[in-house]
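Okay, so here's the structure we're looking at.
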Amino acid sequence: MQSAVSIKDLKIAYGDHTVIEKMSIDIAPREFLVLLGPSGCGKSTLLNAIAGLQDITGGEIWISGKNVTWDEPKDRGIGMVFQSYALYPRMSVRKNLSFGLRVAGLPKAEIEARVARTAALLHLDKLLDRRPAELSGGQRQRVAIGRALVREVDVFLFDEPLSNLDAKLRNELRVEIKKLHQSLGNTMIYVTHDQIEALTLADRIAIMRDGVIQQLASPAEIYHRPANLFVAGFIGAPAMNFIEGRIDRSNGSPVFLCNGLAVDLSGYSFQAAAAEGPATLGFRPEHLVLDGAAGGLPSISSRVSVVEPMGSDAVLWFDWAGQSLSLRLMGDVTLQSGDALAPGLDITKASLFGADGSRL
Amino acid sequence: MARTHPNGPRPTHMTAGRIGLYAFLVIAALFFLLPLYAMIVTSLKTMDEIRLGRIFALPETLDISAWITAWSGACMGTVCVGIRTGFWNSFAITVPSVALSVFIGAVNGYALSLWRPRGASVLFGLLMAGGLIPYQIFLYPMVRAMANIDLYNSLAGIILVHVIFGLPLVTLLFRNYFVSVPEELCKAARVDGAGFWRIFFEIMLPMAVPMIVVVSMLQFTGIWNDFLLGLVFAGRDNLPMTVQLNNIVNTTMGERTYNVNMAATILTAIVPLAIYFLSGRWFVRGIAAGAVKG
Ligand SMILES: Nc1ncnc2c1ncn2[C@@H]1O[C@H](COP(=O)(O)OP(=O)(O)OP(=O)(O)O)[C@@H](O)[C@H]1O
Ligand SMILES: [Mg+2]
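These protein sequence lines map, in sequence, to chains A and B. Each position in the first sequence, counted from 1, maps to that position plus 154 in the numbering used here. Each position in the second sequence, counted from 1, maps to that position plus 1087 in the numbering used here.
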């Protein structure tokens, strides 16, 4: 099937400073792709390049089967939503929505129909005659989204559209965006550094670091089988626990050894045959079982240092081998700081990383 | 009595410092208003009354004949038609000069804020330096250049000179204003398909209205008050009001008519004064406009 957006060997540099080096991605029609990464890793640069707002140094960009590498933004069949809303301040909401259509010279009736349709979709009907300054943050962002939708194109680019909003509004608009995508069925490329947004919205997430994609996979895959230490540490809150040790196979089957703890790795699905050597074991807070011994799991004994109740669940922190580890429990917790605990480790859900940081 | 329980708006206290501050402000204001007051009362007196020498005294009878003479009968050399031709000349010079310099400066500032080619800052610095060099240095070369293109001693010539000399400052002000406009606004407009001029006219200019007002006022007062350029470049038929005022004041045949001189001076100053009075609000807003984004 033809890709909606296809990036081939893309390279972007500002002078001598290379931001993106040889990147290739294929995005399927109707896919919701989220670009996730720390600040400064090149997400906006990539999005601007797809939109045609950023000069590229090498490579090709294809949208809907057409090579648009040298095309103007307006000819690429994209709509874009910016982090700062970027609404035209002296125009009413109606004028903001219709600006692109007027520039394109569409007939008046068509413009009115499209604006009305978009306004209805985004509940902007009552706000059409207001100026951006007279809108709340959430309303402004909806207008910005509307300005992209009204173009009725195949590909939408969102650059951190929700990051200027407060938490409650974010959650609301996140759901609206998801519904919107489900009803419109357009291709979306969505930049964020909020991992909740990424995990909830995406069909696939591309985790970026310094202009390089670290892993491109479904949210579940990224969460449960991170491709390297960076991805593992970046996704999840509280972050994944890491303990450093080594893999030993002197008894035949591989065992992870650390600080007197021996974890049998026979239940772990290795990417390739397990080799001996230094390794890092990563496990998420919810993959520790409070009563480890009962389940026959290798257990870590320590004392609770801090309890963080979060309503539906709680996070227990404890120190072990000189580092702070966390454990997530559902429901209410009776344990208090200072209580002894010996949580067990479910190795089938853990991740192992080699000395170079990539998944074993 | 116990200490008052804080409640509602905080009471304002007249402290000694505050009284001193207001007193200083009032005195300073009076100090600057005094010459204006003296001019107005003198212009309304008869020459007999002026000869008494009490310049701050109110006129005994209101006599507006000096104003009429100043407007339509005062003599410059041997011609006695008053200052009104200068008044209209000044308008003919100032209005097109302001409109052109503000428009071209806005386009320049927009372009400079948008595209930053290598060496843009050098270019910009040069432009500023151009604005700081005293006019006198340019006078002779400018006269030659104007003569060469047949614009010396003409209305078009003096307008061109004002536009050229006004551009550096106007460009600077607009550039600084447009630089503060978020970059994403331009990007959004480009995605919507707008080009350079469309973005300029439909998005940038409407945002820059306060700036346009301020710059227009600055240019208007500057050009209206100009003496040197008008004297050199305008030619006899287009002399601005300032030059004619000087001619009236310096024409001495017999006694100096102070009342007429004062009236002519006030007439010359009244236009910029009126502009500041009527648009002070806009002026303040425009000065603060650098911080305004929406
Ligand atoms: N105009 C520019 N000139 C030089 N370097 C730039 C320019 N714009 C961005 N960069 C650099 O490019 C890199 C990527 O920037 P980009 O804006 O794409 O980051 P980002 O991933 O969007 O970050 P954020 O999450 O903070 O928005 C950064 O290291 C930044 O310093
Ligand atoms: Mg960014």
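Cβ coordinates follow ideal geometry from the N, Cα and C atoms, glycine included.
Assigned secondary structure, residue i (DSSP; H/G/I helix, E/B strand, else coil)
| i | result |
| --- | --- |
| A/G212 | strand |
| B/V1168 | coil |
| B/T1099 | coil |
| B/L1123 | helix |
| B/P1204 | coil |
| A/Y344 | strand |
| B/E1342 | coil |
| A/I361 | strand |
| A/M245 | coil |
| A/G233 | strand |
| A/V443 | strand |
| A/I367 | strand |
| B/K1380 | Its pLDDT being 41, under 50, B/K1380 is placed unreliably in this model, and the coordinates cannot settle the point. |
| A/P497 | coil |
| B/P1093 | coil |
| A/P432 | strand |
| B/K1132 | coil |
| B/S1303 | helix |
| B/V1087 | Residue coverage of chain B in this structure runs from 1088 to 1381, which leaves residue 1087 of chain B outside it and unanswerable. |
| A/D225 | coil |
| A/I376 | helix |
Endpoints, beta strand (DSSP E) assigned at residue i
| i | result |
| --- | --- |
| A/D313 | 309-313 |
| A/C195 | Run containing A/C195: none; DSSP gives neither H nor E here. |
| A/L411 | 409-412 |
| A/N395 | 395-402 |
| A/H171 | 171-181 |
| A/R482 | 477-484 |
| A/S459 | 456-463 |
| A/T354 | Per DSSP, A/T354 belongs to no beta strand (DSSP E); it is in the alpha helix (DSSP H), 349-355. |
| A/T507 | Looking at the sequence provided, one finds Phe at residue 507 of chain A rather than Thr. That run of the beta strand (DSSP E) goes 505-507. |
| A/D283 | Unbroken run through A/D283: none, as it is neither H nor E. |
| A/F472 | 467-474 |
| A/V329 | Taken as a continuous stretch (DSSP letters only), A/V329 belongs to no beta strand (DSSP E), being part of the alpha helix (DSSP H) at 321-338. |
Assigned exposure category for residue i - 16 Cβ within 10 Å defines buried
| i | result |
| --- | --- |
| A/F507 | buried |
| A/A352 | buried |
| B/F1118 | exposed |
| B/M1088 | Low local confidence applies: a pLDDT of 49 at B/M1088 is under 50, so the model's placement there is unreliable, and no value is given. |
| B/P1297 | buried |
| A/Q295 | buried |
| B/S1159 | exposed |
| B/C1167 | exposed |
| B/G1381 | With a pLDDT of 38 at B/G1381, under the threshold of 50, the modelled position of this residue cannot be trusted; read the value that follows with caution. It counts as exposed. |
Residue range of the alpha helix (DSSP H) that includes residue i
| i | result |
| --- | --- |
| B/N1333 | 1328-1337 |
| A/R296 | 291-303 |
| B/D1237 | Neither: B/D1237 is in no alpha helix (DSSP H) and is coded neither H nor E. |
| B/F1320 | 1315-1320 |
| A/S160 | Looking at the DSSP string, A/S160 is not in any alpha helix (DSSP H); the run it does join, the beta strand (DSSP E), is 159-168. |
| A/F388 | 383-388 |
| B/A1295 | Run containing B/A1295: none; DSSP gives neither H nor E here. |
| B/W1158 | 1152-1159 |
| A/A426 | Premise fails: A/A426 is in no alpha helix (DSSP H) and is neither H nor E. |
Short CB-CB distance (under 7 Å) between residue i and chain B
| i | result |
| --- | --- |
| A/G292 | no |
| A/S238 | yes |
| A/A416 | no |
| A/L281 | no |
| A/Y242 | yes |
| A/P227 | yes |
| A/V257 | yes |
| A/L207 | yes |
| A/F312 | no |
| A/G231 | no |
Neighbour flag for residue i against chain A, beta carbons, 7 Å
| i | result |
| --- | --- |
| B/I1290 | yes |
| B/P1293 | yes |
| B/L1201 | no |
| B/K1274 | yes |
| B/G1367 | no |
| B/P1269 | yes |
| B/V1257 | no |
Expected contact under 8 Å - CB spacing of residue i and residue j to nearest Å
| i | j | result |
| --- | --- | --- |
| B/G1280 | A/G254 | 6 Å |
| A/S486 | A/R457 | Residue identity differs from the one stated: residue 486 of chain A is Asp in this sequence, not Ser. With 8 Å as the limit, A/D486 and A/R457 do not qualify as a contact, their Cβ atoms being about 20 Å apart. |
| B/L1187 | B/I1236 | Contact flag wrong, Cβ pair sits at about 17 Å. |
| B/L1326 | B/G1173 | 6 Å |
| A/S96 | A/V460 | Because chain A spans 155 through 514 in this model, residue 96 of chain A falls outside it and cannot be assessed. |
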